[in-house]
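Shown next, in structure tokens, is the structure this report addresses.
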Amino acid sequence: PPMGQHPPSVHKYQPGDVLLERYQLERQLAVGGMGELWRAVNLALEQPVAVKLLRSAARNASGAARLLREARVAARLQHRAIIRVFDAGTTATNDPFLVMELLEGEDAGTLLDEGGPLEAVRAVQLMIPVLSGLAVAHAQGVVHRDLKPDNIFLQALEGGGVQVKLLDFGISKHVGHERLTRTGQVLGTPRYMAPEQLAADKNLDSRVDTYALGVILYEALSGNPPFLGASPSELVQAILHGRVTPIRHYVPDLAPGLEVVVHRAMARARDARYESARAL
């Protein structure tokens, strides 16, 4: 039934709860303002999965639509660097949820918070698969629009090594199709948002993603954000009008070619950036 026809549920999910008679919740992995992430098991296949539940406090028609958008987009984008979505549905109390592959490891945000700046080779090794996955998304007209370290997951592989996974296409835009947001509404994480995105430009393209990756790469290499603000409004003004501290100020021995790449990727004018993830 349409989400708007039901009052918010007050159901508290517990280990052992079964969704759609086949996904049994085992352990809550994370909780935030918009949702809960659970480790679960597909009872029919006896396989571990991740279940992303939209919290009842945030449940509304637009939130449910974004979750369904995330499911459809991720299911269509077949690439090893994009998380796989297996199923979507609603619980008995009408809370929408996604069923995804279960990832073991850490996100890039945790890596940077705990490990500090990365060596150049390591940073580039992490960015290349992200760009490869984005190139597939962009080729299908899908722009992520909320790239940040927390949405880049480093899946630990058996036998060693890491597979990068892009998460959360929930506010993605399919170029040429109707937006899920109202005109002038800004969604995303300001620290990584391109100037045109902060200005609520209606004609966003894939260069907002390459901008975000430029900012992430700047932070990964230097240990510092390119823009600072004592408040969200000051941060927005810095991104729109402030001066970027050259990354060489923090990393004097950075290879000149990589310095050029970082600053071009996050150029304020979109036409000055790389034209695509593949080019970057």
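Counted the way our numbering counts, the sequence shown spans residues 34 to 313.
C-beta atoms are modelled at their ideal positions from N, C-alpha and C, and glycine is treated no differently.
Notebook entry, point to check: Counting pairs of Cβ atoms below 8 Å between the region 59-70 and the region 106-117, do you hit three or more?
Noted result: Touching, no, given that fewer than three Cβ pairs across the two stretches are closer than 8 Å.
Notebook entry, point to check: In the structure shown, what three-state DSSP assignment does Leu291 receive?
Noted result: It is helical.
Check: Contact check, Ala77 vs Arg55 under 8 Å by CB: the rounded distance?
Finding: Their Cβ separation, rounded to whole angstroms, is 5 Å, which keeps Ala77 and Arg55 in contact under 8 Å.
Check: With C-beta atoms as the reference, is Met160 less than 8 Å away from Tyr244?
Finding: The answer is no: Cβ separation not under 8 Å.
Notebook entry, point to check: Does the beta-carbon of Asn236 have 16 or more other beta-carbons within 10 angstroms, so that it is buried, or is it exposed?
Noted result: With fewer than 16 Cβ atoms within 10 Å of its Cβ, Asn236 is classed as exposed.
Next item on the list: Flag this pair as touching only if the region 272-290 and the region 239-256 have three or more C-beta atom pairs under 8 Å; answer yes or no.
Entry: Between the region 272-290 and the region 239-256, the count of Cβ pairs shorter than 8 Å is three or higher; the stretches touch.
Note to self: What does DSSP give as the partner residue(s) for Lys198 in the beta ladder?
What the structure shows: For Lys198, which the question treats as bridged, DSSP gives the partners Phe186.
Margin query: Quick check: the region 136-146 against the region 174-188, are at least 3 beta-carbon pairs closer than 8 Å?
Written below: The region 174-188, when compared against the region 136-146, does touch it at the 8 Å Cβ threshold.
Checklist line | Buried or exposed by the 16-neighbour rule on C-beta atoms within 10 Å, applied to Pro182 | finding: Classification of Pro182: buried, given that the 10 Å Cβ count is 16 or more.
Notebook entry, point to check: Nearest to Gln270 by alpha carbon, out of Ala63, Val84 and Ala227?
Noted result: Shortest Cα-Cα distance from Gln270 to any of Ala63, Val84 and Ala227 involves Ala227.
Next item on the list: Please report the residue range of the alpha helix (DSSP H) in which Ala172 lies.
Entry: Counting along the chain, the alpha helix (DSSP H) containing Ala172 begins and ends at Ala153 to Ala172.
Next item on the list: Select from Pro81, Pro265 and Ala121 the residue whose C-alpha is nearest the C-alpha of Arg99.
Entry: Out of Pro81, Pro265 and Ala121, the CA that lies nearest to the CA of Arg99 is found in Ala121.
Check: Are Thr124 and Leu52 close, meaning C-beta to C-beta below 8 Å?
Finding: Contact flag set, yes.
Check: What is the DSSP secondary structure of Leu261, reduced to helix, strand or coil?
Finding: The three-state secondary structure of Leu261, taken from DSSP, is coil.
Notebook entry, point to check: How close, in whole Å, do the beta carbons of His171 and Ser239 come, if the pair is a contact with beta carbons under 8 Å?
Noted result: Confirmed, Cβ separation roughly 4 Å.
Item checked: Contact under 8 Å by Cβ, Leu180 with Asp234 -> The criterion of a C-beta distance shorter than 8 Å is not satisfied by Leu180 and Asp234.
Next item on the list: Output the boundary residues of the beta strand (DSSP E) element that contains Val64.
Entry: Counting along the chain, the beta strand (DSSP E) containing Val64 begins and ends at Tyr56 to Val64.
Note to self: Contact defined as beta carbons within less than 8 Å: I believe Phe202 pairs with Glu134. What is the distance between those atoms, to the nearest angstrom?
What the structure shows: Rounded, the Cβ-Cβ distance is 14 Å, inconsistent with contact.
Check: To which residues of the same chain is Leu200 closer than 6 Å at the C-beta, ignoring the five residues directly before and after it?
Finding: In its chain, beyond the 5 residues on either side, Ile116, Asn184 and Phe186 have a beta carbon closer than 6 Å to the beta carbon of Leu200.
Next item on the list: Determine the burial state of Glu229: buried for a count of at least 16 other Cβ atoms within 10 Å of its Cβ, exposed for fewer.
Entry: Flag for Glu229 reads buried.
Check: So which of Val106, Gly194 and Thr126 has the shortest CA-CA distance to Arg155?
Finding: With distances taken between Cα atoms, Arg155 lies closest to Gly194.
Next item on the list: Could you say which of Leu250, Val169 and Glu79 lies nearest to Pro150 if we only look at CA atoms?
Entry: Residue Leu250 holds the alpha-carbon nearest to the alpha-carbon of Pro150 among Leu250, Val169 and Glu79.
Check: Considering only C-alpha positions, which residue in the set Lys198, Gly192 and Val163 is nearest to Gly247?
Finding: Out of Lys198, Gly192 and Val163, Val163 has the C-alpha closest to the C-alpha of Gly247.
Check: Which residues share a DSSP beta bridge with Asn75?
Finding: Partner(s): Tyr56 and Gln80.
Next item on the list: Could you name the residues of the same chain whose beta carbon sits closer than 7 Å to that of Leu145, not counting the 5 residues immediately before and after it, in chain order?
Entry: The residues are Pro182, Glu252 and Ala253.
Margin query: Between the alpha carbons of Val277 and Asp128, how many angstroms are there, rounded?
Written below: Between the C-alpha atoms of Val277 and Asp128 there is a straight-line separation of about 43 Å.
Check: How about Leu58 and Pro48: do their beta carbons lie closer than 8 Å?
Finding: Going by beta carbons, Leu58 and Pro48 fall inside the 8 Å limit.
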